[in-house]
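The working numbering numbers the first residue of the sequence shown as 4 and each following residue consecutively. Data block below; observations after.
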Amino acid sequence: RDRTTCSAYSVRPTPDARVSMPLTWDELATCDPRAFTLRTVPALYAERGDAHAGIDEAVCRIEPLLALADRDEPEVKARKKQKKIHVPVITIAQAKLKPDALAGLERWKAKYPAIVPLLAPEHVIVDTNRGRATAWYRVRINLSAVPEDQRPPQETPDPDYDVKTEWADWRAKSPTSEP
4 RDRTTCSAYS VRPTPDARVS MPLTWDELAT CDPRAFTLRT VPALYAERGD AHAGIDEAVC
64 RIEPLLALAD RDEPEVKARK KQKKIHVPVI TIAQAKLKPD ALAGLERWKA KYPAIVPLLA
124 PEHVIVDTNR GRATAWYRVR INLSAVPEDQ RPPQETPDPD YDVKTEWADW RAKSPTSEP
């Protein structure tokens, strides 16, 4: 969460304790922010007086600035959202161990032998997913190269490992702390 203080003479949380302070327009182009620190600003204040003193007397209206912004800024048209492309991907295996997930892939290939020749190596996606304390593996198939009428449906993955159930059993067995 940002806890920035915005005021004249506010000390910044930097190693040299820089101070944000009002400057004249002439100073702005040539000043070095490192010159304004908690050690140097009190002397500048004593020498020059309060650079912030007249701010309340310099009352201005914001409308001319808004008109200037309207004149100078071109009207930005909202971009049309691009249609989200739906990629036909099915999950065929989820396993705690990679060899088990790959065995599920081989069973799927045996079940759908007509689909296998249509798939390129990049259509088989093997993901390593990280749980709280362990990794598990998922095999997915991108069916974009398979004609729609030949695509196999999403079925229950084989194997169908669920990291949540494993850790739910562990939590149930662990001692609970009493308040």
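Yeah, the Cβ is synthetic: ideal placement off N, Cα and C, and Gly gets one too. Small disclaimer: the values here were computed from a predicted structure and weren't measured.
task = Can you check the region 91–155 for any beta strand (DSSP E) of at least 3 residues that lies completely inside it and give the ranges in chain order?
result = 92–98, 127–133 and 138–145
ask   = Which residue's Cα is closest to the Cα of R141: P102, A113 and Q85?
value = The residue with the shortest Cα to Cα distance from R141 is P102.
ask   = What did DSSP end up calling D35 once you bin it into helix, strand or coil?
value = Here D35 sits in coil by DSSP.
key: Own chain partners of I58 with C-beta closer than 8 Å, once the 5 adjacent residues on each side are dropped   = A11 and P25, listed in sequence order.
request  = May I ask you to report which of helix, strand or coil DSSP gives V14?
outcome  = strand
key: Residue of K167, E158 and S23 minimising C-alpha distance to K99   = K167
inquiry  = Three Cβ pairs or more, each shorter than 8 Å: is that satisfied between the region 123–141 and the region 54–74?
reply    = Contact fails between the region 123–141 and the region 54–74, because fewer than three Cβ pairs, one in each stretch, are under 8 Å apart.
task = With distances taken Cα to Cα, identify the nearest neighbour of H3 among D19, L146, S23 and T27.
result = Because the chain here runs from 4 to 182, residue 3 falls outside it and cannot be looked at.
key: Cβ shell of H55 (< 6 Å), same chain only, five flanking positions each side left out   = Cβ neighbours of H55 beyond the five flanking positions: A11 and P25.
message = Can you tell me whether D53 is helix, strand or coil according to DSSP?
response = coil
Residue burial classification, P162 (beta-carbon count within 10 angstroms, cutoff 16) = buried
inquiry  = Once the 5 residues before and after E181 are set aside, which same chain residues still bring their CB inside 6 Å of it?
reply    = Its pLDDT being 49, under 50, E181 is placed unreliably by the model, and the measurement read from it follows with that caveat. Counting only Cβ-Cβ distances below 6 Å, and skipping sequence neighbours, we find nothing.
Residue burial classification, Q97 (beta-carbon count within 10 angstroms, cutoff 16) = buried
request  = Classify V166 as helix, strand or coil using the three-state DSSP reduction.
outcome  = helix
task = Answer yes or no: do R133 and I93 have a C-beta to C-beta separation smaller than 8 Å?
result = Result no, Cβ atoms of R133 and I93 do not sit closer than 8 Å.
query = By DSSP, does V44 sit in helix, in strand, or in coil?
reply = helix
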